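See structure below.
Residue numbers (mature numbering (1 follows the signal peptide of the UniProt record, and there is no 0)): -30 to -1, 1 to 950.
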């Protein structure tokens, strides 16, 4: 096709169009810097603006679209197309691009920049001028030549201009540049063509850009993720396995994964790689530990300096070698300093008693740097000649043991009388057996039956008797006291306890000359109080063999007991308050996080901050308002690993989004009830920001019920409703109003326990854009909301009761949509006129009456959640009450009939009835089965409906609900004598 340059010598009409292109291009480059780098997530397949030679696209007919050239403000040539056949009617001008190979892409973006002339500014073209054009595409595996067949193209959209220009605009050099973007996909062939159809507009096609999006390669958590093309659907996430960088390895059972979003963004990193032993992380790579440093495990974050008495001369070491004379036990981790064997025990003394010998010694002066020192005794029986000794043999007994001694004494029994013995006491530790140096002993030679150095040990019993006074204001009747005591200087403080029914106690079997610490607390129906302040008492050694006078001890302790009485009373008062807080959780009041000047304070006050390293994300299970929702595991120190759900905040969030996201955690953190979803904690000091809650295996209640339609007994369903009511009673007692109580916001765990969830801000229901009613204060889920809340935005616990009634209906109908396909305005009008939802199929009358009570127009007449729980408890205990209404109100309410079927008897045919309830698709099913009259339809059962081939449960229920209504109407007419 011959190209043309911009020239004022063209015809006036064409000159106007061409000038439009010229000015448009100048404006385009003035607004966006020409030659800017493309978005990093885009892969350009075609950019007409970047091509300076002829485009040579196919134009049909030849006098339609016209390729022209121009210059931008930098005098760079630009190629573009125009058409302006507005004087002649029935225009059909086609323009097709060259073949575009799509590569791996499945979802293609097309960006069009164009200008369009306002038809009103063109005189004499009324009826022939258009202000739109059409965009088409054709998929092929290869080029198809220059022929153009309209019927082979698929229409993408009709493109209209947001702004058009007039002749006056042109004179003022103000141009209206339009930018439109459309998406093609999913594509399955190797390439495609784009085509533009003009039907009579004055257009300048300034630029055409065709591209697809991909997530560019990235290193995250020490794993490399390759370039990844986005998925074919808008909401699809492509899961990509990562490969660990050099000198890194996958964390155990936690392989690295990322998800590529449809917008070319990497989301939700799962798992990670960690640097191997001997290497540490620096940026996105692993570097070897330097000389004198080591890293023993991949689980360690950083290299550590070699511990004492060890060294290494190589980079990338996982441990350090011990210096000469120092050792590391096989059970010692590499982080422990190298140590050596201890020196010999000190001051070994003995005492002979006929054929028994007792030894006692002091610990060694040098323990070798270890705290696992024990002792072993070597016994030899010797002749009267020197150095002629043999082991004592198995007949000699050792108390408490011959080796592994922790205490510094031992007794040998059953020795031979009038014999010579040599005893060696060796101190050993964990590296003694590794040492090649000579071992050090403390030794003594003894002849049994002779006097030698004496060591006397006098056995005695030490007793302490305690007495105290009862506090003046105990928290209930005191049933017993608990006395806790331990040795003051004992390292591990092993406690012993004694209990007493009275205000005195005797503690015996205490060591003489030893300081003990005592504490006392009382026990009532409310539980234990706090311990009194510590009382220190030192026992005395019995020098004369007689027990000290217990009266003196009692007197001393009685004085001490009087001193601590004041502290005990204060402790009991505190304990009483604490017990009351635990016993009556309903007295706790909900605090709105919005009342905090700094919302972060609310988060940290009510939600536990978790270490991100304790959380293991396993898979993505959904998308929330602020980011992805994942399942994973939480392992807190000292606790068992639990399954959790993790809500993540997407990358690039604003401070407001972060505040709104964490608001739900600030609310959930205040609740503690078995029927309210439990908050495990939050991660606010790392990325991504996370809310961690308990994992509910069966998901939302509405989808769970739809999945298991008809599989539960009525009592099981009532049990679910009872759990929800108990959770709402708890929230109501705290003063919290939910505002969005619905089956979709109830979660179900593996034990079928239902828990109230979704404590965030009110939001649009994702799968139903019409499920909200917008008022001045926000959006409301109309089908679940009380009329006063819709009209006046009066949200109270009573409005939550209305919503609970809708939840009851959802449960008993196994997840049916409330009010079916009625519009929001129809629902509001029907409720205002007094209509209410009918009982679901097989719903007991007692439960439906309770629903009607919840839907009283006067909110003061609705039951409280406490009453609802009581009613449901009676139904569970006595199922016969389900058959008769046991509600709290007696005012009759008209059940809501389908608004499109006001009276079954007014229909003239089965087809007309089916059309009224919007089930006309089954007209042929009824006809083929012989149901030609309304009387025969009124006698149908659920089995009859199913036999017609109607498999959708929701449609079965809707038809049966209408049939049941028809029966009631026809019985009423028979009763009044009217012929049906």
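Note that CB positions come from ideal geometry on N, CA and C, so glycine has one too. The model shown is predicted, which means the values in this text are computed figures rather than measured ones.
The Cβ atoms of residue 103 and residue 166 lie closer than 8 Å to each other. By the CB criterion at 8 Å, residue 385 and residue 326 fall inside the cutoff.
Our two residues, residue 228 and residue 57, have alpha carbons roughly 57 Å apart in a direct line. Of 202, 238, 219, 216, the smallest CA-CA separation from residue 210 is found for 238. In this structure, residue 85 places its C-beta atom within 8 Å of the C-beta atom of residue 147. Residue state for residue 884 is assigned as helix, using DSSP reduced to three classes. In the structure shown, residue 569 falls within a helical segment according to DSSP collapsed to helix, strand and coil.
In the DSSP assignment, residue 323 is bridged to 326. With respect to residue 908, residue 886 sits apart: the two C-beta atoms are not nearer than 8 Å.
Annotation for residue 684: the continuous alpha helix (DSSP H) segment containing it runs 684 to 703.
For residue 819, the enclosing alpha helix (DSSP H) begins and ends at 815 to 824. Distances from the alpha-carbon of residue 657 to those of 922, 923, 583 put 583 closest. Measuring C-alpha to C-alpha distances from residue 278 to each of 289, 472, 272 identifies 289 as the nearest.
By the Cβ-count criterion, residue 818 is buried, with 16 or more other Cβ atoms from all chains shown falling within 10 Å of its own Cβ. Distances from the alpha-carbon of residue 180 to those of 435, 241, 14 put 14 closest. Per DSSP, residue 382 is not a residue of any alpha helix (DSSP H); the beta strand (DSSP E) it occupies stretches across 379 to 383.
Residue state for residue 260 is assigned as coil, using DSSP reduced to three classes.
For residue 250, the three-state secondary structure derived from DSSP is strand. The criterion of a C-beta distance shorter than 8 Å is not satisfied by residue 712 and residue 772. Boundaries of the beta strand (DSSP E) harbouring residue 52: 47 to 54, taken from the DSSP string. Setting aside the 5 residues that flank it on each side, residue 566 is surrounded in the same chain by 572, each with a C-beta closer than 6 Å to its C-beta; the list follows chain order. Three or more Cβ pairs closer than 8 Å define a contact, and the region 785 to 798 falls short of that threshold against the region 822 to 836.
Nearest to residue 285 by alpha-carbon distance, out of 23, 805, 377, 275, is 275. Residue 206 and residue 200 have their C-alpha atoms roughly 8 Å apart. If you look at residue 632, you'll find it in the alpha helix (DSSP H) that goes 625 to 638.
Approximately 6 Å separates the beta-carbon atoms of residue 168 and residue 61; this is inside 8 Å, confirming the contact. Distance from the CA atom of residue 347 to the CA atom of residue 487, rounded to whole angstroms, is 35 Å. Judged by DSSP in its simplified three-state form, residue 165 adopts strand.
Assignment of beta-bridge partners to residue 274 by DSSP yields 264.
Spanning the alpha carbons of residue 49 and residue 37 requires a straight line of approximately 7 Å.
The Cβ-Cβ distance between residue 507 and residue 434 falls below 8 Å.
Nearest C-alpha to residue 92 among 216, 931, 172: 172. Under the DSSP assignment, residue 913 falls in the alpha helix (DSSP H) whose first and last residues are 912 to 917. Residue pairing for residue 116: DSSP places it in no beta bridge.
With fewer than 16 other CB atoms across the displayed protein chains lying within 10 angstroms of its CB, residue 761 is exposed. If you ignore the 5 residues before and after residue 560, its C-beta comes within less than 7 Å of the C-beta of 640, 704, 705, 706, all in its own chain and listed in chain order.
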